[in-house]
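Below you'll find the structure, written out as structure tokens, and then a few comments.
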Amino acid sequence: MQPVRAYIGIGSNLDNPVAQVQRAFQALDDLPACANIACSPLYRTAPVGGPPGQPDYINAVAALDTVLTADDLLKALQALETVQGRIRAVRWGARTLDLDLLLYGQMTRDDPWLTLPHPRLHQRAFVLQPLHDIAPNLTIPGRGTLTELLASGPLQAIAPLEPPPATG
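Here it is as structure tokens:
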């Protein structure tokens with residue numbers, strides 16, 4: 340199988356979120372069958388949806404080349420979430436780590452297990468801006484270019500936090 344470029348949304352708002360996101364970058368870089376990781380800058384955003392009173396999130400996006408199938412990559416992402424203490428109790432609730440498979444090449448798919456592109460990617464500045472930082476010319480299947488999506492209307496405010504961590 341030829342490598343496919345995949346994009347992963349990363350978020351955390353519990354247990355030192357900056358460290359959680361940095362650990363996620365390293366864990367993604369260490370995944371077998373994955374290479375050429377690129378990491379966006381980190382951003383701080385208010386929670387979207389979920390219960391009120393949550394702390395702000397630290398968000399980023401990673402890109403990597405993989406020979407894993409989309410299903411196997413999603414399973415690997417969920418395993419990384421579990422290792423970093425993710426408990427799936429409340430939808431859009433606070434979490435130590437959230438890893439979303441945003442894009443897997445140009446694949447489009449919609450089933451109960453996995454939807455590609457991620458169904459809310461085009462509505463979320465905390466995904467669009469870091470994705471634009473590492474892949475400014477990317478086109479989202481069925482949605483348009485990142486530049487068009489960022490210019491299309493009001494999106495949630497996000498604040499840059501710091502440069503991305505170095506990876507192996």
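Note that the numbering used here gives residue 469 to position 130 of the sequence shown, counting from 1, and the numbers run on in steps of one.
Backbone N, C-alpha and C fix where the C-beta goes; we use that ideal spot for every residue, glycine too.
- For ASP410, the enclosing alpha helix (DSSP H) starts and ends at 409 to 422.
- For LEU353, there is no enclosing alpha helix (DSSP H), as DSSP marks it with neither H nor E.
- In this chain, the beta strand (DSSP E) harbouring VAL400 covers 396 to 405.
- Residue state for ARG425 is assigned as coil, using DSSP reduced to three classes.
- According to the DSSP secondary-structure assignment, ALA496 is paired through a beta bridge with no residue.
- The Cβ atoms of ALA345 and LEU494 do not sit closer than 8 angstroms to each other.
- Residue nearest to GLY388 within the set ASN355, GLN462, THR486 and PRO480 is GLN462 (criterion: CA-CA distance).
- Around the beta carbon of ASP437, 16 or more other beta carbons lie within 10 angstroms, which makes this residue buried.
- Per DSSP, reduced to three states, the secondary structure at ALA374 is strand.
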